[in-house]
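Chemist:
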Amino acid sequence: MASSKKSGSGEPDTTGLFHDLVKFQGNGEFDKALKTCNKILNVRPKDASAFHCKMVCLIQTDKFEACLQQMDEHEAMAAALVFERAYALYRLNRSAPALAILNQKKTLNLREKELKAQVLYRMEEFEASFNLYRDIMKNTSADDDDFETERLTNLSAAAVQLDKDSGITDLDTYELIYNQACHLLAQGKWLEAEKGLSQALKAAQAFLAEEDDSEEDIERETGIIRVQMGYALQMQGRDKEAQVLYNQVLKNKPSDAGLIAVASNNLLSLNKDQNIFDSKKRIKAAKADGVEQKLTKANQFAIARNNALLAMYTNQVDLCRELIEELARKFDLDPQDRQFILAGALSRAGQTKEAVDLLLSDKGAKSDLERVLVACQIYLERSQVREAVDLLNQLPKADKYRTGILSTMVTLYLALEDRKSAAQLLKEAVAFNSKSKNKGDMAVVWRKTAEFHLKGDEPSVAAQSLEELLKTNPQDRQTLAQLVMAYAKFDLEKALATSKKLPEFREVDVDVDGLENSAFFGPKHSKKTPKAGGVASPDASKNPPGSDLVKKKKPKKKRKTKLPKNYDPTVEPDPERWLPKRERTGHRRPKRDRRKGEKFTGAQGTAAGQSETYDYSQKKAGAVPKGNLKSPAPEAPVGPRQAHKKPQQKKKQKKRF
Numbered sequence: 256m257a258s259s260k261k262s263g264s265g266e267p268d269t270t271g272l273f274h275d276l277v278k279f280q281g282n283g284e285f286d287k288a289l290k291t292c293n294k295i296l297n298v299r300p301k302d303a304s305a306f307h308c309k310m311v312c313l314i315q316t317d318k319f320e321a322c323l324q325q326m327d328e329h330e331a332m333a334a335a336l337v338f339e340r341a342y343a344l345y346r347l348n349r350s351a352p353a354l355a356i357l358n359q360k361k362t363l364n365l366r367e368k369e370l371k372a373q374v375l376y377r378m379e380e381f382e383a384s385f386n387l388y389r390d391i392m393k394n395t396s397a398d399d400d401d402f403e404t405e406r407l408t409n410l411s412a413a414a415v416q417l418d419k420d421s422g423i424t425d426l427d428t429y430e431l432i433y434n435q436a437c438h439l440l441a442q443g444k445w446l447e448a449e450k451g452l453s454q455a456l457k458a459a460q461a462f463l464a465e466e467d468d469s470e471e472d473i474e475r476e477t478g479i480i481r482v483q484m485g486y487a488l489q490m491q492g493r494d495k496e497a498q499v500l501y502n503q504v505l506k507n508k509p510s511d512a513g514l515i516a517v518a519s520n521n522l523l524s525l526n527k528d529q530n531i532f533d534s535k536k537r538i539k540a541a542k543a544d545g546v547e548q549k550l551t552k553a554n555q556f557a558i559a560r561n562n563a564l565l566a567m568y569t570n571q572v573d574l575c576r577e578l579i580e581e582l583a584r585k586f587d588l589d590p591q592d593r594q595f596i597l598a599g600a601l602s603r604a605g606q607t608k609e610a611v612d613l614l615l616s617d618k619g620a621k622s623d624l625e626r627v628l629v630a631c632q633i634y635l636e637r638s639q640v641r642e643a644v645d646l647l648n649q650l651p652k653a654d655k656y657r658t659g660i661l662s663t664m665v666t667l668y669l670a671l672e673d674r675k676s677a678a679q680l681l682k683e684a685v686a687f688n689s690k691s692k693n694k695g696d697m698a699v700v701w702r703k704t705a706e707f708h709l710k711g712d713e714p715s716v717a718a719q720s721l722e723e724l725l726k727t728n729p730q731d732r733q734t735l736a737q738l739v740m741a742y743a744k745f746d747l748e749k750a751l752a753t754s755k756k757l758p759e760f761r762e763v764d765v766d767v768d769g770l771e772n773s774a775f776f777g778p779k780h781s782k783k784t785p786k787a788g789g790v791a792s793p794d795a796s797k798n799p800p801g802s803d804l805v806k807k808k809k810p811k812k813k814r815k816t817k818l819p820k821n822y823d824p825t826v827e828p829d830p831e832r833w834l835p836k837r838e839r840t841g842h843r844r845p846k847r848d849r850r851k852g853e854k855f856t857g858a859q860g861t862a863a864g865q866s867e868t869y870d871y872s873q874k875k876a877g878a879v880p881k882g883n884l885k886s887p888a889p890e891a892p893v894g895p896r897q898a899h900k901k902p903q904q905k906k907k908q909k910k911r912f
């Protein structure tokens with residue numbers, strides 16, 4: 256890097272400055288190295304080596320804009336610095352210009368190829384990135400440099416995006432294990448992916464602990480693994496566990512804005528229409544400034560769509576419409592999805608007619624089963640049953656007479672108490688499905704039709720459906736039994752003839768009388784059978800074998816009811832005598848003394864106020880203190896025991912003037 260300078264040539268000697276430059280760069284002191292470069296360029300403005308060192312120092316100190324500005328001002332010296340210019344553009348998220356500069360060079364060296372592969376990956380051209388990484392791996396070996404592991408990691412990451420097998424078998428780093436688990440996530444193998452991510456987490460913690468990283472650094476470094484594990488749990492329906500992992504990652508305050516956005520978006524999707532305040536906070540974090548550069552287009556689309564759904568849940572129709580239009584411009588949102596979200600917002604805002612009109616506005620929309628079902632759901636949420644069933648009635652016959660739709664329509668007709676329309680619908684369904692090749696659908700329709708007519712006391716119509724159903728499976732005993740019951744209501748001869756096809760009852764040798772007696776009285780009252788060869792009990796002679804199984808119990812004598820001495824049959828008993836006093840009508844709860852206590856005015860430690868308490872000179876003899884005047888409480892009915900009690904004499908109260 257340093258060039259020899261002759262002291263006698265008239266040019267200033269910069270050898271010492273170059274020595275300092277090499278020392279600073281070797282120690283990683285790039286700020287000091289940058290100042291040294293400026294000193295060299297001040298005395299030798301055309302020195303290409305010093306200019307190159309200055310560009311490297313600007314990149315190392317993250318001054319990418321300044322680096323590009325210097326290259327634009329000194330185009331002659333910057334012409335050979337293809338890698339430095341492309342790298343500065345890449346770090347400023349200007350991927351397209353960076354790729355254009357790399358494509359201008361015919362032959363790329365190793366580091367330029369790796370940079371191009373990274374640029375292609377960021378531009379989501381995963382196929383080209385994967386092929387370039389594979390070419391790099393073929394033309395390099397582990398002996399060339401120390402970046403073999405990083406190349407394998409990048410290669411596997413590109414393979415994950417393409418849902419391809421990277422061909423890497425030795426998963427000796429946690430990055431490779433993580434990428435392999437992400438590949439399983441892309442394939443929808445949630446449980447296997449969870450196990451792989453758990454393995455990657457353990458490997459990462461062990462590796463970082465060996466590197467003497469702190470606990471906080473390890474938590475931040477493994478945050479991306481935890482978020483992906485939360486996603487695997489969420490897709491398995493284990494929402495609570497996923498929520499704990501997302502919150503744990505966000506609590507550690509990671510520096511990666513993309514990681515914060517993904518975790519916040521996943522929490523938002525868990526909230527759905529609940530916890531709206533938290534959802535607004537999450538969407539704000541997911542749409543922070545500059546976060547788009549850290550996310551793929553798929554991530555950006557998911558966040559933008561969730562933002563529109565949040566506006567739908569909060570009944571913000573105008574905002575929802577704006578967000579949907581923005582989605583359509585940026586990501587080419589499916590028109591049907593767009594209409595569904597906006598219709599949901601209109602429905603939640605109470606604009607039912609506008610929501611249904613939006614869903615059915617397109618040509619052929621009334622034949623689209625999904626759109627019609629959503630419109631029916633909107634009607635039913637507003638209890639507009641007639642409109643919902645009329646809409647279902649307009650479906651094509653192939654959809655209308657499907658078992659699920661047919662069952663729904665019959666239920667809605669019955670809710671409207673329109674049995675005639677329900678019967679006509681089932682009749683048409685039977686006629687249509689009789690031509691169908693799907694025997695399973697026909698069997699379901701015939702059975703449900705028969706049950707409907709049996710409940711409606713139309714056995715002859717039910718019998719026709721059961722006859723057709725029996726033809727599909729003549730050995731079906733349930734159908735045969737139902738047919739016999741239907742015939743029995745209008746044609747006994749047919750019922751008798753059909754019943755002969757049912758299997759006969761087998762006779763069983765059971766002593767019914769003995770079984771009934773033993774079951775009626777239970778094991779407690781039944782006579783125990785003595786053991787063979789045992790000593791006979793005294794009652795055995797009185798009750799020999801073959802006598803009654805159960806010994807009759809003597810009826811207990813009823814005691815005569817004793818009445819109280821003061822019982823008066825003419826007085827009606829108190830109906831509340833069995834209730835606790837607190838639950839009786841006349842009970843009144845004691846009031847709390849709400850008067851405030853007197854203020855303490857005496858000196859601390861003295862018995863203030865006691866002189867007045869014990870001073871009897873001021874009190875009159877025989878004086879009675881006034882009681883609290885209360886309104887009389889309602890008296891409870893008098894019981895029979897209280898009726899004969901003598902009334903107590905009231906004490907005379909002395910009047911005070």
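For the sequence shown, counting from 1, position 563 maps to 818 in our numbering; every step adds exactly one.
Backbone N, C-alpha and C define an ideal beta-carbon position, used for all residues, glycine too.
This one's a predicted model, so the numbers in the text were calculated from it and none came from an experiment.
Can we say the stretch 734–741 touches the stretch 702–722, given the rule of at least three CB pairs closer than 8 Å?
Modeler: yes
Chemist: Thinking just about the alpha-carbon of each residue, which of 842, 335 and 383 is nearest to the one in residue 360?
Modeler: 335
Chemist: Enumerated in chain order, which unbroken segments of the alpha helix (DSSP H) with a length of 4 residues or greater are wholly contained in the stretch 471–539?
Modeler: 478–490, 494–506 and 512–526
Chemist: Quick check: what's the CA-CA separation for residue 270 versus residue 374?
Modeler: Computed Cα separation, rounded: 38 Å.
Chemist: When we look at the beta-carbon of residue 916 and count the other beta-carbons within 10 Å, is it buried (16 or more) or exposed?
Modeler: No statement about residue 916 is possible, as the shown extent of the chain runs from 256 to 912 and does not include it.
Chemist: Where does residue 339 land, buried or exposed, given buried means 16+ other C-beta within 10 angstroms?
Modeler: buried
Chemist: Please name the residue, chosen from 439, 280, 567 and 272, that lies closest to residue 293 on a Cα-to-Cα basis.
Modeler: 272
Chemist: Quick one: give me the first and last residue of the alpha helix (DSSP H) that residue 332 is part of.
Modeler: 330–333
Chemist: Leaving out the 5 sequence neighbours to the left and right, which residues in its chain are closer than 8 Å to residue 647 when beta-carbon positions are compared?
Modeler: 627, 631, 655, 660, 663, 664 and 667
Chemist: For residue 285, count the other beta carbons within 10 Å of its own beta carbon; 16 or more makes it buried, fewer makes it exposed. Which is it?
Modeler: buried
Chemist: Leaving out five residues before and five after residue 699 in sequence, what residues of the same chain have Cβ atoms less than 6 Å from its Cβ?
Modeler: 658
Chemist: Give the straight-line distance between the Cα atoms of residue 474 and residue 509, rounded to the nearest whole angstrom.
Modeler: Near 9 Å, if we compare the C-alpha coordinates of residue 509 and residue 474.
Chemist: Assign residue 298 to buried or exposed, taking buried as 16 or more other Cβ atoms, counted over all protein chains shown, within 10 Å of its Cβ.
Modeler: Burial call: exposed.
Chemist: Please go through the same chain and pick out, in chain order, the residues whose beta-carbon is closer than 6 Å to the beta-carbon of residue 274, but skip the five residues on each side of it.
Modeler: none
Chemist: What does a CB cutoff of less than 7 Å around residue 750 pick up in its chain, not counting 5 residues either side in sequence?
Modeler: 739, 742 and 743
Chemist: Does DSSP put residue 833 in a helix, in a strand, or in coil?
Modeler: When DSSP states are grouped into helix, strand and coil, residue 833 belongs to the coil group.
Chemist: Cβ atoms of residue 566 and residue 575: under 7 Å apart, would you say?
Modeler: yes
Chemist: How do the stretch 447–456 and the stretch 407–416 stand: do at least 3 beta-carbon pairs fall below 8 Å, yes or no?
Modeler: no
Chemist: Could you check if residue 822 is buried or exposed, using at least 16 other CB atoms within 10 Å of its CB as the buried criterion?
Modeler: Classified as exposed, residue 822 has fewer than 16 neighbouring CB atoms from the shown chains inside 10 Å of its CB.
Chemist: Residue 322 and residue 303 - do their beta-carbons sit closer together than 7 Å?
Modeler: no
Chemist: Look at the Cβ atom of residue 578, then the Cβ atom of residue 557, and state whether they are nearer than 7 Å.
Modeler: Contact: no.
Chemist: CA-CA distance, residue 452 and residue 481?
Modeler: Straight across, the Cα-Cα distance linking residue 452 with residue 481 is about 8 Å.
Chemist: Assuming residue 594 and residue 614 make a contact with CB atoms under 8 Å, what is their CB distance in whole Å?
Modeler: 6 Å
Chemist: Does DSSP put residue 274 in a helix, a strand or coil?
Modeler: In this structure, DSSP gives residue 274 a helical state, which the three-state scheme calls helix.
Chemist: Buried or exposed for residue 652, please, with buried defined as at least 16 other CB atoms from any protein chain shown within 10 angstroms of its CB.
Modeler: exposed
Chemist: Looking at the unbroken alpha helix (DSSP H) that takes in residue 634, where does it start and where does it end?
Modeler: 624–636
Chemist: Would you mind working out which of 364, 350, 367 and 493 sits nearest residue 379, comparing C-alpha positions?
Modeler: 350
Chemist: Specify the secondary structure class of residue 810 as computed by DSSP and reduced to three states.
Modeler: coil
Chemist: Contact defined as beta carbons within less than 8 Å: I believe residue 440 pairs with residue 376. What is the distance between those atoms, to the nearest angstrom?
Modeler: Contact flag wrong, Cβ pair sits at about 18 Å.
Chemist: Between the beta-carbon of residue 650 and the beta-carbon of residue 643, is there less than 7 Å?
Modeler: no
Chemist: I need the boundaries of the alpha helix (DSSP H) containing residue 649, first residue and last residue.
Modeler: That residue, residue 649, is in no alpha helix (DSSP H); it is neither H nor E in DSSP.
Chemist: Just verifying my parser: in three-state terms, what is the DSSP assignment at residue 454?
Modeler: helix
Chemist: For residue 528, which residues in the same chain have their Cβ closer than 6 Å to its Cβ, ignoring the five residues on either side in sequence?
Modeler: 568
Chemist: Could you tell me the boundaries of the alpha helix (DSSP H) in which residue 423 lies?
Modeler: From DSSP, residue 423 is part of no alpha helix (DSSP H); its letter is neither H nor E.
Chemist: Helix, strand or coil for residue 816, going by three-state DSSP, please let me know.
Modeler: Looking at residue 816 - three-state DSSP - the assignment turns out to be coil, as it is neither helix nor strand.
Chemist: Here's the rule: buried if 16 or more other CB atoms are within 10 angstroms of the residue's CB, otherwise exposed. What is residue 801?
Modeler: Summary for residue 801: the model assigns pLDDT 49, below 50, so the residue's position carries little reliability; its value from the coordinates is reported in the next sentence. Its Cβ having fewer than 16 others within 10 Å, residue 801 is exposed.
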